[in-house]
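Top line first, the protein sequences correspond to chains A and B.
Counting along the first sequence from 1, when you hit position 298 you're at 1005 in the numbering used here, and nothing is skipped either side.
Counting along the second sequence from 1, when you hit position 272 you're at 289 in the numbering used here, and nothing is skipped either side.
Where a beta carbon is used, it is the ideal one built from N, C-alpha and C, also for glycine.
Report on the structure given below.
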Amino acid sequence: MINRRLLTIALGASAMLATLLSSGQQASAQEEFKIGVVASLTGGFAGPAKDSMDGIQAWIDGRGLEGKKIVLEVLDDETSPVGASNAFRRLASDEDIDMIYAIVPSSSVLAIKSLASEFKKPLVTAGAADAIGIPADPWLFKVAPAVRDFMIVLANYTKDNGYKRIAMFNGTDAFGQAEIKAMKELAPEMGFEIVAEETYTAEDTNYNAQLTNIRAADPDIIYSGAFGRAAILFYKQFKQLGLDTHLVMGQSVVTASFFEGIGGASEANGLMTPIQLGSFGPSVGGETARLYAELEKNLGRQPNYFNTFGYDVGLITEAGVSGSDGTTQGIRDALEALKELPAVNGPVTYTPEDHTGQNHESIAIGRLEDGKPVLPQ
Amino acid sequence: MDEFHVLAQLVLPGLTTGCVYALIALGFVLCFNVSGVVNMAQGEYVMLGGVLGAWMAIAGVPLFLVLLAVAAIGAVLGIAQERLSLAPVRRSPAFIQITVTLGVAVIMRGFALIWFGKDPLAMPGFTGDGVVTILSALVPVQTLWVWGTTAAMLLGIFWFLQFTDAGRAVRACSINVIAARLMGVNAERMTLLIFALAGGTGALAGAVITPIVLASWDAGFVYSLKGFVGAILGGLRSPTIAVAGGLGVGVAEALAAGYLSSGWKDAIVYALLLAFLLIRGGVFLSGRIGLVAGTQDR
């Protein structure tokens, strides 16, 4: 009788212990939220990608997902659409991954877009090319405004300042070609003409021919969409040729590597750039200022544009996951239902037809002063 | 702007870039003539010279020492490439040897990326970052350094090949290595010498042009490609035509961008090469004969 009692107690204790252990394991498994990241850790987009990842990390450190431990699995696309596709396939095939980020340039995002619905994992992406968000892929959600939105702001600036002749300098990639295409549509509506369209490839180092053609066209404003090394070389050669035409460059010039390359941030004083609101910092006010301050605190330094972009990716993730039932379909549905979600760079809205995210209202033309954009008076 | 001004503004910077292509083309031809190998890592020496030079300049190393160190490191790496990667496969088919050089190129790129980072590196001009007017074209002052250094290196190499015993031995190996050996020439030592020369001059060219074009870990591949075009124009045999070809490629792409289309300039350059090869004909046959003869002799 005593043995039977002891046996019963032992069995009961074992059952309790087993239950406790298994519930603990289940709790650990539920707490992990795995995000696959395709990022340009190397190549021409490496600078913006690293800054974006820093912004994402700041979101994880400061906010994250309630009750969940975020795990990032990062693969490098080497700033190549082929690399991006391969990396995306690997991550999307992993059943443990709950959603995917693509922190790669437009041409790589477009390569991934063709695969997005095949794997049915919610995908939040970088890239500005219009074709990323429209037509909408049900599983792919863009963040930054479309190229057309930046060109709308540039076109308004050109028109409002009375410029009639604009010269364009754009890359041969999807982003660059989307810029020139959008400007060709906007120019006639806004009452100015494009007098030169020059292009470059990522490997080019000599833009004398393009700048000579631009000078010969006698524009009163020049827009350069160059980024990375191309932006540095363009700006230096623009100065060397003694051109004094009003110059506007893409927002990707607001990076430490650009300022180092041109010989210091003060060398770019007066340079104009269409840039998202988050880059202006607290001076913009409203939700942008609040979230900017939060990002600055979590990042531990003054954020640049791509840091703010990364933080917005995190905010969108947070809203999507918290509004879902936890399934990948649920996260997708919750993302698509986002309307006017506050973000550092402006509100985010998705519709079934348009997965762009932010629009031209999140952009303003800024003037660079000692490496920081300021709103012109 | 008048037409002459436009032409000058296109040609002179094109010549500057062409100087780098010319040195790479010369490196290709010298290596091929002596060893029978098309060294696809040639452009990476230019890249390494650029990143090393920029890194040392940023660290405050005096310019003279930067240039000396870069040339020496390039030469040592050339020797290392020949000894460690090509000597073991000397009797292998040509495609294996070329693949080995491609592998070396990838290793050099990877090293540059890990050691120097992904961002482009800037280097101040040797005598400032101003501009100078030449034939009504505005060019950076550094351009004069590029032209001068390239001319000095080319003259030095040609003097070496024509007027020194070692240079004559190198030429003997390129003409007939068996005969050269019979005359007491150490062919392996000549190969080492040429790889050192090609590596050193390539690296020095990279350091000299970096103030104009910046240095980046991924710049070597395009240099190799464009320099290879120049070498092919010389049939991978003639150093003189290879140099002229390299200069011509630099000018051609600048003129194509200026007068035709900036978006099509690379396509135009490669189309011209294709047309040249089709018109001339047989250039690959004579190249193959040279390679086969070279490997058989080793």
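Should residue i be flagged as near chain B, meaning a C-beta pair shorter than 8 angstroms?
i	result
Ser730 (chain A)	Any reading at Ser730 (chain A) is ruled out, since the residue's pLDDT is 47, under 50, leaving its predicted position unreliable.
Leu978 (chain A)	no
Thr952 (chain A)	no
Arg872 (chain A)	no
Thr749 (chain A)	yes
Gly1078 (chain A)	no
Tyr907 (chain A)	yes
Gln764 (chain A)	no
Leu782 (chain A)	no
Gly754 (chain A)	yes
Ser973 (chain A)	no
Glu910 (chain A)	yes
Ser787 (chain A)	no
Ser815 (chain A)	no
Asn915 (chain A)	yes
Gly949 (chain A)	yes
Gly968 (chain A)	yes
Ser964 (chain A)	yes
Buried or exposed for residue i, please, with buried defined as at least 16 other CB atoms from any protein chain shown within 10 angstroms of its CB.
i	result
Met890 (chain A)	buried
Thr144 (chain B)	exposed
Ile1039 (chain A)	Note that residue 1039 (chain A) is Arg in the sequence shown here, rather than Ile. By the neighbour-count rule (16 or more Cβ atoms within 10 Å), Arg1039 (chain A) is buried.
Arg126 (chain B)	buried
Gly731 (chain A)	For Gly731 (chain A), the predicted structure reports a pLDDT of 46, less than 50, and the residue's modelled location is therefore unreliable. A value from the coordinates is still provided. Exposed: under 16 other Cβ atoms inside 10 Å.
Gly219 (chain B)	buried
Ala284 (chain B)	exposed
Lys871 (chain A)	exposed
Lys776 (chain A)	exposed
Glu270 (chain B)	buried
Ile306 (chain B)	Confidence at Ile306 (chain B) is low in this model, with a pLDDT of 44, below 50, so the placement of that residue should be treated as unreliable; the coordinate-derived value is given next. Exposed, because fewer than 16 other Cβ atoms sit within 10 Å of the Cβ of Ile306 (chain B).
Thr257 (chain B)	exposed
Ala734 (chain A)	With a pLDDT of 45 at Ala734 (chain A), under the threshold of 50, the predicted position of this residue should be treated as unreliable, though the coordinate-derived value follows. Ala734 (chain A) comes out exposed.
Pull up the CB-CB distance for residue i and residue j, whole angstroms please, since I reckon it's below 8 angstroms.
i	j	result
Ile807 (chain A)	Lys828 (chain A)	5 angstroms
Tyr1018 (chain A)	Leu1042 (chain A)	17 angstroms between Cβ atoms; not a contact.
Val87 (chain B)	Ala224 (chain B)	4 angstroms
Val37 (chain B)	Gly275 (chain B)	With a Cβ gap of about 19 angstroms, Val37 (chain B) and Gly275 (chain B) do not count as contacting.
Phe882 (chain A)	Pro812 (chain A)	6 angstroms
Is residue i close to chain A, meaning its C-beta is less than 8 angstroms from at least one C-beta of that chain?
i	result
Gly120 (chain B)	no
Ser109 (chain B)	no
Val239 (chain B)	yes
Trp221 (chain B)	It is worth fixing the name first, because residue 221 (chain B) is Leu in this sequence and not Trp. By this cut-off, Leu221 (chain B) is not an interface position.
Ala271 (chain B)	yes
Thr371 (chain B)	The displayed coordinates of chain B run from 18 to 315. Any statement about residue 371 (chain B) would go beyond what the structure contains.
Asp19 (chain B)	no
Ser233 (chain B)	yes
Gly275 (chain B)	yes
Ser279 (chain B)	yes
Val230 (chain B)	yes
Ala42 (chain B)	no
Val148 (chain B)	yes
Leu85 (chain B)	no
Ala284 (chain B)	no
Val117 (chain B)	no
Pro105 (chain B)	no
Is residue i close to chain D? Criterion is C-beta to C-beta, closer than 8 angstroms.
i	result
Asp136 (chain B)	Any reference to chain D falls outside this structure, whose protein chains are A and B.
Run the proximity test for residue i: is its beta-carbon closer than 7 angstroms to any non-hydrogen atom belonging to the ligand GTP?
i	result
Val286 (chain B)	With respect to the ligand GTP, the structure shown offers nothing to examine, as it has no ligands at all.
Count Cβ pairs between the segment 845-854 of chain A and the segment 901-914 of chain A that sit closer than 8 angstroms; are there 3 or more?
no
Is there contact here, the segment 934-950 of chain A with the segment 128-141 of chain B, by at least three beta-carbon pairs under 8 angstroms?
yes
Would you be able to state if there are at least three C-beta pairs under 8 angstroms between the segment 180-190 of chain B and the segment 27-35 of chain B?
no
Pairing CB atoms from the segment 153-160 of chain B with CB atoms from the segment 942-951 of chain A, are three or more of them under 8 angstroms?
These segments touch.
Residues of the segment 55-73 of chain B in Cβ contact with chain A at a cutoff of 7 angstroms, in chain order, please.
none
Are the segment 865-872 of chain A and the segment 892-900 of chain A touching by the rule of at least three beta carbon pairs closer than 8 angstroms?
yes
Counting Cβ pairs closer than 8 angstroms, one from the segment 952-964 of chain A and one from the segment 975-991 of chain A, do we hit at least three?
yes
For the 8 angstroms Cβ check, are there 3 or more pairs between the segment 238-258 of chain B and the segment 73-87 of chain B?
Judged by Cβ distances under 8 angstroms, the segment 238-258 of chain B makes no contact with the segment 73-87 of chain B, as fewer than three pairs qualify.
Report yes or no: do the segment 1059-1069 of chain A and the segment 825-844 of chain A share at least 3 C-beta pairs separated by less than 8 angstroms?
yes
Determine, using beta-carbon pairs with one atom in the segment 920-932 of chain A and one in the segment 872-886 of chain A, whether at least three such pairs fall under 8 angstroms.
Yes, since at least three Cβ pairs between the segment 920-932 of chain A and the segment 872-886 of chain A fall closer than 8 angstroms, the two stretches touch.
Contact set between the segment 917-944 of chain A and chain B, restricted to residues whose Cβ is under 9 angstroms from the partner
Answer in chain order: Gln917, Leu918, Thr919, Asn920, Arg922, Ala923, Gly935, Arg936, Ile939, Leu940, Lys943, Gln944.
According to a CB-to-CB cut-off of less than 8 angstroms, which residues of the segment 871-905 of chain A neighbour chain B?
Thr879, Glu905
Is it a yes or a no for the segment 793-801 of chain A touching the segment 750-767 of chain A, going by three-plus beta-carbon pairs under 8 angstroms?
no
Pairing CB atoms from the segment 767-785 of chain A with CB atoms from the segment 744-752 of chain A, are three or more of them under 8 angstroms?
yes
Using a Cβ-Cβ cut-off of less than 7 angstroms, list which residues of the segment 995-1027 of chain A approach chain B; keep chain order.
none
Under 8 angstroms: do the segment 161-169 of chain B and the segment 100-109 of chain B share three or more Cβ pairs, one atom per stretch?
no
Do three or more CB pairs link the segment 40-59 of chain B to the segment 203-212 of chain B at distances below 8 angstroms?
yes
What residues in the segment 1057-1083 of chain A bring their beta carbon closer than 8 angstroms to a beta carbon of chain B?
Under the 8 angstroms Cβ criterion, the segment 1057-1083 of chain A contributes no residue.
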